[in-house]
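Undergrad: Here it is, the structure in full.
Residue numbers (the numbering used here): 6 to 136.
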């Protein structure tokens, strides 16, 4: 059996733009994508810290701006420039991979979405199958 678990997240990024008249998706800067190991077209969850809204969409990589965070389409009604957000990517893991320990990548950014720290290999929680 495979379980869907957190693979990586970008913590407290700032929305830089919202574009209601786009077809949909989240445009993320190339540096953020690289740091969080998020590929173009990968599904992500995004949560707005200001209002609690949660959205699931796919990523378009911004090859020009390394720190862009732009919500497109109808998501632009819920996420506005300046809003702090958390972007989360998930993966499917086998029971043995989970037992060996999951180490999600956590990307911390400043108010301009410049990367300040990448925590890779940190174990934020313990997973046990037998009590």
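All C-beta atoms in this analysis are idealised placements derived from N, C-alpha and C, irrespective of residue type, glycine included. These figures come from a predicted structure and were not determined experimentally.
(1) In whole angstroms, give me the CA-to-CA distance for residue 78 and residue 8.
(2) In terms of residues, what are the limits of the beta strand (DSSP E) holding residue 103?
(3) What's the C-alpha gap between residue 70 and residue 59?
(4) Run through the region 36-119 for me and flag every whole beta strand (DSSP E) of 3 or more residues, listed as ranges in chain order.
(5) Looking at the secondary structure, which residues open and close the beta strand (DSSP E) in which residue 5 lies?
(6) Could you tell me if residue 109 is buried or exposed, where buried requires 16 or more neighbouring beta carbons within 10 angstroms of its beta carbon?
(7) If you count every other CB in all the chains shown that lies within 10 Å of the CB of residue 30, and 16 or more means buried, which is it?
(8) Anyone know if the C-beta pair for residue 53 and residue 86 falls short of 9 Å?
(9) What does a CB cutoff of less than 7 Å around residue 100 pick up in its chain, not counting 5 residues either side in sequence?
TA: Taking the structure as given:
(1) For residue 78 and residue 8, the distance between alpha carbons rounds to 30 Å.
(2) Counting along the chain, residue 103 falls outside any beta strand (DSSP E), though it belongs to the alpha helix (DSSP H) covering 100-105.
(3) Going from the Cα of residue 70 to the Cα of residue 59 covers about 24 Å.
(4) Counting only runs of 3 or more, we get 48-53, 59-67, 74-77, 89-99 and 110-114.
(5) Any property of residue 5 remains undetermined from this structure, which presents the chain solely from 6 to 136.
(6) Flag for residue 109 reads buried.
(7) Residue 30 is buried by the Cβ-count criterion.
(8) Going by C-beta atoms, residue 53 is not nearer than 9 Å to residue 86.
(9) Once the five neighbours on either side are set aside, the close Cβ partners of residue 100 are 6.
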